[in-house]
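Student: I have a structure here, written as structure tokens, and I will follow up with some questions on it.
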Amino acid sequence: MEIAHLAYVLLFLFAVVILYVQRRRVSPSTNPRMAYCPHPNPVLGNTVEFIRNRGRFFDWYTDMLRMSPSSTIEAWGALGASHAVTTADPAGVDNLLRTNFANYNRGAHFRAAQYELIGDGLFGADGRLWSLQRKLASYAFSSRSLRGFTDDVLVIHLGRRFLPFLDAAAGSGEAVDLQEALRRFAFDNICHVAFGVESSTLLEWDDPRHQALFAAFDTAVEISFMRTLAPSTPVRKLTKLLNIGKSRRLREAVGVIDDHAMSVIEAKEASQRNNRGEGDPDLLSRFMAAMEEEDGGGELAAMFPTPEAKRRFLRDVVVSFVLAGKDTTTSALTWFFWLIAANPRRGTRCSTRGHVRASGRRWPTGR
Ligand code: HEM
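Mapping of the sequence shown onto UniProt numbering: position 329 corresponds to residue 329, and the numbering continues sequentially without gaps.
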């Protein structure tokens with residue numbers, strides 16, 4: 001009797017879940033303005049499709065967004081446990097990234113999944129910690145700073161390094177990995193703009209330290225990203241505790257990244273001691289100055305009360321800005337060249353315009 005009773009209760013709960021999920025599933029043909037929920041399993045939500053498309057997550061999402069008349073989709077975890085809305089609708093993206101940006105929190109799950117890599121940096125922060133950093137960072141994106149960027153940083157990294165690098169490759173007739181070259185170009189740029197550090201991983205192509213650093217970033221980003229997509233399970237907690245599997249790989253990668261971030265901070269401190277901080281302060285200098293402001297009521301500094309916490313936070317700042325500028329710019333430029341290679345006529349028009357713009361600048365190019 002007891003077992004039969006339990007079975008009825010379970011059946012009832014099962015029916016409720018199915019009805020709930022079915023009600024959430026909106027056919028695009030019946031209401032094109034609403035989010036489209038592509039064929040979820042009534043119990044498992046989109047989990048089966050998610051696992052099937054794990055290796056092509058963004059392509060899968062792009063396919064689903066393409067199918068949705070409102071360019072917006074909803075995806076569900078098993079038993080409705082998790083829920084995500086994704087949009088490619090320009091008005092929605094505008095609302096998310098511009099008009100109502102402060103309204104969208106990253107949430108505890110994202111923050112926990114990314115914490116080892118990003119810590120308290122801008123791209124992992126919410127609330128006041130986010131708004132204080134955002135305000136500090138915004139000074140570096142003024143039109144004056146951006147002009148300085150074009151004049152100084154691009155002249156060095158584009159004119160004196162990247163273009164000669166391509167010239168040499170063209171002259172030798174050897175194939176080069178353009179995506180890797182663009183990655184190094186973007187990394188050197190962001191380190192120069194954000195931290196005032198003038199390194200050249202592009203010129204030091206074979207240096208194993210650079211290869212190790214890029215590999216560490218790739219590993220850490222991939223593992224952290226996959227963690228944001230899946231719920232936190234006891235298995236993950238256990239692997240973390242035992243320092244095995246992906247938890248171990250993440251920890252090792254973050255160790256390499258930490259060493260690099262600390263070397264950037266130390267280089268900056270040394271250059272500040274030598275009074276070489278003329279001109280507009282870079283992003284890292286602004287954050288370092290904010291950390292000194294505790295007595296003057298600096299709210300950000302007060303959030304990191306000990307010298308260790310301040311240093312740890314500066315490490316998070318460095319990592320966040322490397323992440324902001326490295327893979328984003330690399331992907332954009334790689335796809336740009338891919339599209340040009342696939343459309344040679346457009347490539348000719350781009351190179352003509354490039355020549356017109358470049359002729360008014362200081363970088364030494366004849367293109
Ligand atoms: C093609 C290149 C880039 C793309 C596609 C891109 C894309 C994005 C996206 C989608 C966001 C919103 C992220 C979020 O909500 O968490 C964002 C925010 C941001 N990006 Fe970029 N980005 C690019 C280059 C850069 C560069 C070079 C920097 C320089 C440091 C930068 C700095 C920022 C900052 C400061 C934010 C605001 C983050 C926040 O307030 O939470 N981005 N970017």
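Note that CB positions come from ideal geometry on N, CA and C, so glycine has one too.
Go ahead and label residue 190 buried or exposed: buried means 16 or more other beta carbons lie within 10 angstroms of its beta carbon, across all protein chains shown.
Tutor: Label assigned to residue 190: buried.
Student: Do residue 79 and residue 71 come within 8 Å of each other at the CB atom, strictly closer than that value?
Tutor: No, these two residues do not count as a Cβ contact at 8 Å.
Student: Determine the direct distance from the alpha carbon of residue 238 to that of residue 216, and round the result to whole angstroms.
Tutor: Each residue's alpha carbon lies about 23 Å from the other.
Student: So who's on the other strand from residue 87, going by DSSP bridges?
Tutor: Paired residue(s): 72.
Student: Identify every run of the alpha helix (DSSP H) within the region 165-210, keeping only runs that are complete inside it and at least 4 residues long; order them along the chain.
Tutor: Listed in chain order, the complete alpha helix (DSSP H) runs (minimum 4 residues) inside the region 165-210 are 178-195.
Student: Taking 8 Å as the cut-off, decide whether the C-beta atoms of residue 264 and residue 318 are in contact.
Tutor: Yes. Within cutoff.
Student: Under the criterion of a Cβ to heavy atom distance below 7 Å, does residue 185 qualify as lining the ligand HEM?
Tutor: Not so, every heavy atom of the ligand HEM lies at least 7 Å from the Cβ.
Student: Starting from residue 299, follow the alpha helix (DSSP H) in both directions and report where the run begins and ends.
Tutor: First-last of the alpha helix (DSSP H) with residue 299: 299-303.
Student: Using the DSSP secondary-structure output, state which residues sit across from residue 36 in a beta bridge.
Tutor: According to DSSP, residue 36 bridges with 73.
Student: Pull up the distance between the alpha-carbon of residue 306 and that of residue 313, whole angstroms please.
Tutor: If you take the alpha carbons of residue 306 and residue 313, they lie about 11 Å apart.
Student: Roughly how many whole angstroms lie between the Cα atoms of residue 210 and residue 300?
Tutor: Their backbone Cα atoms lie some 32 Å apart in a straight line.
Student: What is the DSSP secondary structure of residue 80, reduced to helix, strand or coil?
Tutor: Three-state result, residue 80: helix.
Student: Spatial neighbours of residue 321 within its chain, please: C-beta separation below 7 Å, excluding the five flanking residues on both sides.
Tutor: 190, 194 and 283.
Student: Who are the near neighbours of residue 149 in its chain, counting only those whose CB is closer than 8 Å to its CB and skipping five residues on each side?
Tutor: So the qualifying residues of the chain are 193.
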